[in-house]
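Notes follow the structure.
2 protein chains.
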Amino acid sequence: MALEHAILVSLLEQPGSGYELARRFERSIGRFWTATHQQIYRVLKRMEADGWVVSEEIGQDGRPDKRAYSVAATGQAELITWLRAPVQPEAVRHELAVKIRGAAFDDAEGRAALVDEVRRYRAEHEATLHRYLTGEKRDFPAGAELDAGQRLQHVVLRGGIAYERMLLDWLDDVLTTLREL
Amino acid sequence: MALEHAILVSLLEQPGSGYELARRFERSIGRFWTATHQQIYRVLKRMEADGWVVSEEIGQDGRPDKRAYSVAATGQAELITWLRAPVQPEAVRHELAVKIRGAAFDDAEGRAALVDEVRRYRAEHEATLHRYLTGEKRDFPAGAELDAGQRLQHVVLRGGIAYERMLLDWLDDVLTTLREL
DNA sequence: GGTTGCTATGCAACGAGTTGCATAGGAGGA
DNA sequence: TCCTCCTATGCAACTCGTTGCATAGCAACC
Numbered sequence: 004m005a006l007e008h009a010i011l012v013s014l015l016e017q018p019g020s021g022y023e024l025a026r027r028f029e030r031s032i033g034r035f036w037t038a039t040h041q042q043i044y045r046v047l048k049r050m051e052a053d054g055w056v057v058s059e060e061i062g063q064d065g066r067p068d069k070r071a072y073s074v075a076a077t078g079q080a081e082l083i084t085w086l087r088a089p090v091q092p093e094a095v096r097h098e099l100a101v102k103i104r105g106a107a108f109d110d111a112e113g114r115a116a117l118v119d120e121v122r123r124y125r126a127e128h129e130a131t132l133h134r135y136l137t138g139e140k141r142d143f144p145a146g147a148e149l150d151a152g153q154r155l156q157h158v159v160l161r162g163g164i165a166y167e168r169m170l171l172d173w174l175d176d177v178l179t180t181l182r183e184l
Numbered sequence: 004m005a006l007e008h009a010i011l012v013s014l015l016e017q018p019g020s021g022y023e024l025a026r027r028f029e030r031s032i033g034r035f036w037t038a039t040h041q042q043i044y045r046v047l048k049r050m051e052a053d054g055w056v057v058s059e060e061i062g063q064d065g066r067p068d069k070r071a072y073s074v075a076a077t078g079q080a081e082l083i084t085w086l087r088a089p090v091q092p093e094a095v096r097h098e099l100a101v102k103i104r105g106a107a108f109d110d111a112e113g114r115a116a117l118v119d120e121v122r123r124y125r126a127e128h129e130a131t132l133h134r135y136l137t138g139e140k141r142d143f144p145a146g147a148e149l150d151a152g153q154r155l156q157h158v159v160l161r162g163g164i165a166y167e168r169m170l171l172d173w174l175d176d177v178l179t180t181l182r183e184l
C-alpha cells in the first residue's frame, strides 16, 4: 500500500491530474515506483474518498476537461506518519537473473539467443543511463543553488545513475561469462 | 507469470519439496525472485495439474511426510520457450527513494528519523553483502574448476554483490546529503 | 474526408501476491 | 509438563496489479 504515498509525494511536489501523474510515473517517479494510469485513477478516487486529496474540475479549451488533485491536510499527515515508519523489505524480481541461471538447462542455440537478449537489454539500459545524465545536466547544473527538495531529488537521481552504471558493468561480465561457457 | 519459471530452474538445479523450495527462496533464489510458501504450494499444484512437474510422496521418520517434486519433460520444454522469449521490463518499487523525496515535506525531526532509518537499512545491506561474500568464498573458491551451471550461478551472485556495493556507496551519499540539508 | 495520435477518464475481469489462520508430529529446553 | 521451535502442507479472504476495452473531443497529416 505505498502507491498512495508515492502519489502524495508527487502531488506535493506539484499538484496535477491523474493523466499528468501517469506521465510523471512514466518518467521521473517511474524510476523508483511504477504505476499505470488505471491504477492511478482508481487510487486517486479512494484517496479522495478518504480525504487525503481534494480535486477540482478544470475546463480546458481545445482539450478534454481534467480533474486537478492536490494534497489535503489529512493526506500530508498520513504521509508524514508513513515517512517515519520503517522501510519494508522490498520484493526482488529480477527476471534476467532467472534466465541466466536457467541457461544451464538450455543448449548452445538457447545460450546464443540469451546473448542477443542480454545485448538488447544492455542497449536499453545504456539509453536509460544517457537519459538520466542528460536530465541531471539540465536539472542540476554544477554550481547551481538548490533547495532541500531539489537536493533530495538529485540524490535519488544519482542513485538511478549508480544503478544503471553498475548494471552495465555487470551485463558485460554476464556477456563475457556466456561467451566463455 | 514467472514464479513458475523460477521454480522450474530451482527444481532442475535440485528436485525438492515445496518446503525446501520455500527455504531456497529465502536464500539463494530469493536474491532475485521472492516468494512465500503459500504461493509456492499453490503454484506447484497448478504446475502438476498442467504436467510441468511430477511429485512423489516421501515418508520420513521423525518428520512429517513430504512431497518431492521434479521437472517433467513438458515443464522443461516450457522453460526453454520462456528462456528464449524477450525479458519483460521490470516493475521498479523502491520505497526508500520515495521516502527520501518525501523528506522534503517533513520537518527536522522527520529527517532525523530518516537518517536513523537509512543507517539501519545500510547495516542490513552490509550484512547481506557479507553473506554474499562468504557464500562466494565457500561455493566458488579461486582456481576451482566450475561447470556451466556453477559459472552461471556465480555470475548471478557477482551481480548481487555489485548491487549491494553500489547500494552501500549510494546510501553514504544519501546520508551526506541528508546531513548537509 | 479518413486515419492516426494525443489528452483525459474510466469499467470489468482476471491474475498475482499477501495475510491470517489451521493442522500435526517431533525435538529440545525451562 | 508446558512452551517454543522446526518440518511440512494447506485454505480462505483480501488487496494489489495487469490487460483489454470503451468513450470522446480536438489536432495534424495525407
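If you're matching them up, the sequences are chains H and C in order. Everything in the first sequence is counted per this note's numbering, starting at 4 for the first residue and increasing by one. Everything in the second sequence is counted per this note's numbering, starting at 4 for the first residue and increasing by one. The beta-carbon is built from N, C-alpha and C at its ideal position, and this holds for glycine as well. It should be emphasised that the depicted structure is a prediction, and the values quoted were computed from it without experimental measurement.
- The C-beta of residue 55 of chain C comes no closer than 7 Å to any C-beta of chain H.
- In the pairwise beta carbon analysis, the region 6 to 21 of chain C is classified as touching the region 68 to 75 of chain C: at least three pairs are separated by under 8 Å.
- At least one C-beta of chain C is nearer than 7 Å to the C-beta of residue 37 of chain H.
- For residue 158 of chain C, the enclosing alpha helix (DSSP H) begins and ends at 151 to 182.
- Judged by DSSP in its simplified three-state form, residue 130 of chain H adopts helix.
- Measuring C-alpha to C-alpha distances from residue 35 of chain H to each of H/121, H/95, H/102, H/105 identifies H/95 as the nearest.
- Here residue 168 of chain C has 132 as same chain residues with Cβ atoms under 8 Å from its own Cβ, once five neighbours each way along the sequence are excluded.
- The beta carbon of residue 157 of chain H is closer than 6 Å to those of 143 in its chain, skipping five residues each way along the sequence.
- Interface criterion not met: the Cβ of residue 46 of chain C is under 7 Å from no Cβ in chain H.
- Residue state for residue 56 of chain H is assigned as strand, using DSSP reduced to three classes.
- Within chain H, no residue has its beta carbon less than 8 Å from that of residue 118 of chain C; the closest one is some 12 Å off.
- With a threshold of 16 other beta carbon atoms within 10 Å, residue 4 of chain C falls short and is exposed.
- The criterion of a C-beta distance shorter than 7 Å is not satisfied by residue 86 of chain C and residue 46 of chain C.
- Taking residue 9 of chain C as the centre and dropping the five residues before and after it, the same chain places the C-beta of 32, 36 closer than 7 Å to its C-beta, in chain order.
- Residues of chain C whose Cβ lies closer than 7 Å to the Cβ of residue 89 of chain H are, in chain order, 120.
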